[in-house]
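S.K.: Have a look at the structure that comes next, please.
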Amino acid sequence: MLTTLSKGSTIPILTITAAIIVFWYACVVWLNAPFERDQAERANAEITFSQILSKTMEQKRPVLPAPHQVIVEIWNTTVMKNVTSKRSLVYHAWITLSSTLLGFAFGTLLGIALAVGIVHSQTLDKSLMPWIITSQTIPILAIAPMIIVVLNAVGIQGLLPKAFISMYLSFFPVAVGMVKGLRSPDIMQLDLMHTYNASKAQLFWKLRWPSSIPFLFTSLKVAIAASLVGAIVGELPTGAISGLGARLLAGSYYGQTIQIWSALFMAAFLAATLVWLVGVIDRRVLKQMGMAQ
Amino acid sequence: MSDRLKIAAAAIAVLLIWPFSKFVFAHLKSDGMSWNGGWVAVIIVWLLAWFAVSQLSNINFRQKPIGLFIGLLIPAVFGLTLLFLWEVLTRGLSVPPILLPPPSQIGVRITNSLPILAADFQQTFKAVLFGYVVGCATGFAIAVLVDRSPFMRKGLMPIGNLVAALPIVGMAPIMVMWFGFDWQSKAAVVIVMTFFPMLVNTVAGLSTAGHMERDLMRTYASNYWQTLFKLRLPAALPFIFNALKINSTLALIGAIVAEFFGTPIVGMGFRISTEVGRMNVDMVWAEIAMAALAGSLFYGLIALIERRLTFWHPSYR
């Protein structure tokens with residue numbers, strides 16, 4: 271048991287994680303201590319180091335909350351609250367998740383459609399491809415508030431505007447990955463299909479599409495992380511009503527650092543779960559297609 | 026058709042676009058298209074442009090200067106056509122400028138407010154450049170250090186990969202709290218955002234040099250540093266440049282989004298969020314055009330350096 275552990279990466283990961291947590295606690299003491307010293311000075315009291323140590327861990331609005339404070343906050347706002355309550359983090363996460371998934375679905379479809387067009391038409395390849403790449407050098411997240419506010423003014427509200435931003439962020443990796451994937455069959459294979467007298471549709475469904483699947487999943491992992499970012503940023507300008515982004519904004523307005531960090535942790539957890547899920551589906555599909563063991 | 030015929034056909038098509046587009050603009054009044062025949066001309070212009078682009082893209086030029094020119098010309102014609110359609114559709118269909126202003130209005134706004142745009146740009150780019158350089162440099166340095174110890178590599182890489190996929194922009198409010206409203210907090214966000222892609226990519230790149238090459242270096246009795254500088258770093262360059270490119274867009278995004286959480290009264294993110302509130306959408310578009318231009322130039326510069334330094338890589342040969 272122990273030998274297999276030491277050979278794998280479990281022990282290194284745990285060690286590094288432990289080191290990060292220790293470092294975090296050190297930072298908590300270091301960053302929150304000035305406030306405590308200040309308080310003590312105002313009260314004309316002496317404060318010992320051990321007092322500082324314990325007090326920095328339980329401030330109400332710390333500069334940097336301790337990990338256990340964040341965990342307690344997450345516990346209180348997820349398990350202890352009703353899921354439908356506006357104060358439940360699960361509720362906010364669900365709002366963010368739904369627009370993430372909607373945008374991700376749109377983005378994936380758009381990306382695949384663009385890739386299919388680009389692979390089949392040289393005109394599209396030469397005229398559209400440079401613009402697809404340029405489109406990503408535009409900091410779309412910067413436009414997010416405008417898209418939200420403008421669409422609001424026209425009467426489109428709720429999920430769609432946020433999903434639109436997610437879509438913009440997620441179509442690019444899919445399009446680029448799929449162009450690569452659809453072009454991955456080599457000349458030998460294409461020639462073989464040619465000798466079979468395969469039509470263009472057959473060539474696509476029987477050769478190009480299957481061989482692009484590994485590329486598709488690699489880009490889907492990038493795309494889903496990107497669309498989560500898009501959804502969160504899309505929630506910033508909605509006036510802080512609901513969603514993880516709104517929690518971040520509200521937290522920063524009222525100096526609720528613990529709330530910010532718990533929203534961040536929730537977002538991180540969501541991102542990790544989504545990427546992991548895509549990875550699981552990836553392995554399943556490739557196994558079924560006989561491309562992986 | 027021979028290549029010359031194709032070029033001639035494309036040139037004629039481009040020349041024909043001119044009278045038709047003039048015709049379109051003659052009928053484009055302030056309250057929309059005055060005569061429906063204008064729309065026919067719009068479609069003709071679009072078809073002509075499409076024809077020119079498809080003729081040009083079927084030419085296979087091997088000679089360097091002409092091939093490069095045509096490679097740039099095709100997307101340029103395509104982009105101009107898009108701009109034309111944008112202008113004509115927004116004005117012809119009387120789309121409310123709040124929803125989407127025509128490009129000409131944005132252009133006028135840009136020329137009229139150059140000083141504001143320049144000040145915003147300077148404020149934001151200070152944070153972008155500082156954060157980008159510091160973030161990439163530390164990511165690179167840590168990667169080289171981590172690479173020396175397999176234990177660290179095994180432990181840090183999965184965590185680094187995880188963090189690189191996380192929505193780090195969310196750190197922005199915290200950074201603004203810690204480092205204040207000025208550009209330092211934005212630079213801090215950019216540093217955190219650019220650090221992890223650099224770390225992950227560099228470590229991956231450092232392991233690309235094959236066993237054969239490493240063995241060869243050992244037979245030369247080269248030490249760690251010689252192997253690093255003469256073999257492994259050059260081999261890692263494509264990965265490093267990949268990270269530099271990803272980071273160039275991330276840095277701009279990070280700085281602008283961080284400005285939504287509080288700034289002095291200057292900066293691109295600040296301007297975007299306040300002008301949106303005042304429904305001055307053309308000003309927002311002007312800022313976006315600036316950001317897009319800066320982002321593309323930044324990206325293009327890195328791509329150019331990459332081409333210079335990694336000329337040996339199969340994708341450029």
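Those protein sequences? They're chains A and B, same order as listed.
Convert by adding 270 to the 1-based position in the first sequence; the result is the number in this note's numbering.
Convert by adding 25 to the 1-based position in the second sequence; the result is the number in this note's numbering.
Even glycine gets a Cβ: it sits at the ideal position worked out from N, Cα and C.
Treat the numbers as computed from the prediction; the structure is a model and nothing was measured.
#1: How would you label residue 447 (chain A), buried or exposed, when you count the other beta carbons within 10 angstroms and need 16 or more for buried?
#2: Between residue 497 (chain A) and residue 374 (chain A), what straight-line distance do the alpha-carbon atoms span, to the nearest angstrom?
#3: Using 8 Å for Cβ pairs, my map puts residue 219 (chain B) next to residue 292 (chain B). What's the rounded Cβ distance?
#4: Closer than 8 Å is the cut-off here; do at least three beta carbon pairs connect the segment 429-439 of chain A with the segment 115-123 of chain B?
#5: Would residue 427 (chain A) count as contacting chain B if we go by Cβ distances under 8 Å?
#6: If we count the other Cβ atoms within 10 Å of its Cβ and call it buried at 16 or more, is residue 271 (chain A) buried or exposed?
#7: Starting from residue 531 (chain A), trace the alpha helix (DSSP H) in both directions and tell me its first and last residue.
#8: Compare the C-alpha of residue 366 (chain A) against each of A:513, A:396, A:357 and A:468 and name the closest.
#9: What three-state label does DSSP hand residue 120 (chain B) in the structure shown?
#10: Beta-carbon within less than 6 Å of residue 388 (chain B)'s beta-carbon, same chain only, minus the 5 sequence neighbours each way: which residues are those?
#11: Closer than 8 Å, CB to CB, is residue 124 (chain B) near chain A or not?
#12: Taking the C-alpha atoms as reference points, what is the distance between residue 73 (chain B) and residue 306 (chain B)?
#13: Determine whether the Cβ of residue 521 (chain A) lies closer than 8 Å to any Cβ atom of chain B.
#14: Does the distance from the C-beta atom of residue 70 (chain B) to that of residue 102 (chain B) stay below 8 Å?
#15: For the segment 525-550 of chain A, enumerate the residues whose C-beta is nearer than 8 Å to any C-beta of chain B, in chain order.
#16: When the Cα of residue 133 (chain B) is compared with those of B:256, B:330, B:35 and B:310, which residue comes out closest?
#17: Counting only beta-carbon atoms, is residue 329 (chain A) nearer than 8 Å to chain B?
#18: Would you mind telling me which residues of chain A sit closer than 9 Å to residue 6 (chain B), beta carbon to beta carbon, in chain order?
#19: Tell me which residue opens and which closes the alpha helix (DSSP H) that residue 251 (chain B) is part of.
#20: Ordered along the chain, which non-local residues of its own chain (more than five positions away) have a Cβ less than 8 Å from that of residue 321 (chain B)?
#21: Within 10 angstroms of the Cβ of residue 211 (chain B), are there 16 or more other Cβ atoms? Answer buried if so, exposed if not.
#22: According to a CB-to-CB cut-off of less than 9 Å, which residues of the segment 195-227 of chain B neighbour chain A?
#23: Taking residue 122 (chain B) as the reference, give the member of A:424, A:378, A:356 and A:333 with the closest Cα.
#24: Which residues of the segment 269-284 of chain B have a Cβ closer than 7 Å to any Cβ of chain A? Give them in chain order.
#25: In three-state DSSP terms, what is residue 369 (chain A)?
#26: Taking Cβ positions only, does residue 503 (chain A) come closer than 8 Å to chain B?
#27: Spell out a yes or no on whether the segment 178-193 of chain B and the segment 282-291 of chain A are touching, meaning 3 or more CB-CB pairs, one atom from each, closer than 8 Å.
#28: Can you give me the Cβ contacts of residue 34 (chain B) inside the same chain, cut-off strictly under 7 Å, excluding the 5 residues immediately before and after it?
#29: Going straight from the alpha carbon of residue 205 (chain B) to that of residue 281 (chain B), what length do you get?
#30: Residues of chain B with CB closer than 9 Å to the CB of residue 369 (chain A), please, in chain order.
#31: Tell me whether residue 240 (chain B) sits in a helix, a strand or coil according to DSSP, three-state version.
#32: For the segment 313-336 of chain B, which residues have a beta carbon sitting closer than 8 Å to at least one beta carbon of chain A?
#33: Taking its Cβ as the centre, do 16 or more other Cβ atoms sit within 10 Å of residue 148 (chain B), making it buried, or is it exposed?
#34: My understanding is that residue 336 (chain A) touches residue 292 (chain A), with C-beta atoms under 8 Å, so please give their C-beta distance in whole angstroms.
#35: Residues of chain B with CB closer than 9 Å to the CB of residue 404 (chain A), please, in chain order.
#36: Determine whether the Cβ of residue 443 (chain A) lies closer than 8 Å to any Cβ atom of chain B.
M.R.: Looking at the coordinates:
#1: Classification of residue 447 (chain A): buried, given that the 10 Å Cβ count is 16 or more.
#2: 6 Å
#3: About 19 Å separates the two Cβ atoms, so there is no contact after all.
#4: no
#5: False, the Cβ-Cβ gap to chain B never drops below 8 Å.
#6: Per-residue confidence for residue 271 (chain A) stands at a pLDDT of 47, beneath the threshold of 50, marking its modelled position as unreliable; the derived number appears in the next sentence. Exposed, since its Cβ has fewer than 16 Cβ neighbours within 10 Å.
#7: In this chain, the alpha helix (DSSP H) harbouring residue 531 (chain A) covers 527-558.
#8: A:513
#9: coil
#10: Coverage of chain B is limited to positions 26 through 342, which leaves residue 388 (chain B) absent and any answer about it impossible.
#11: yes
#12: Here the C-alpha atom of residue 73 (chain B) lies approximately 32 Å from the C-alpha atom of residue 306 (chain B).
#13: yes
#14: Result no, Cβ atoms of residue 70 (chain B) and residue 102 (chain B) do not sit closer than 8 Å.
#15: With the criterion set as a beta carbon lying under 8 Å from some beta carbon of chain B, the members of the segment 525-550 of chain A are 525, 527, 530, 531, 533, 534, 537, 538, 541, 542 and 545, in sequence order.
#16: When each option's Cα is compared against that of residue 133 (chain B), the closest is B:310.
#17: Not one chain B Cβ lies under 8 Å of residue 329 (chain A).
#18: Any property of residue 6 (chain B) remains undetermined from this structure, which presents chain B solely from 26 to 342.
#19: 249-252
#20: For residue 321 (chain B), there are no CB contacts under 8 Å within the same chain when 5 residues up- and downstream are skipped.
#21: Residue 211 (chain B) should be labelled buried.
#22: 195, 196, 197, 198, 199, 201, 202 and 203
#23: A:424
#24: Sequence-ordered contacts of the segment 269-284 of chain B with chain A read 274, 277, 278, 281 and 282 [C-beta pairs closer than 7 Å].
#25: DSSP places residue 369 (chain A) in helix when its eight states are reduced to three.
#26: yes
#27: yes
#28: 80
#29: 15 Å
#30: The contacting residues do not exist; residue 369 (chain A) stays about 13 Å from chain B at best.
#31: Of the three classes helix, strand and coil, the one that applies to residue 240 (chain B) here is helix, per DSSP.
#32: 313, 316, 317, 320, 321, 323 and 324
#33: buried
#34: Residue 336 (chain A) to residue 292 (chain A), Cβ: 12 Å. No contact.
#35: 100, 104, 317, 320, 321 and 324
#36: no
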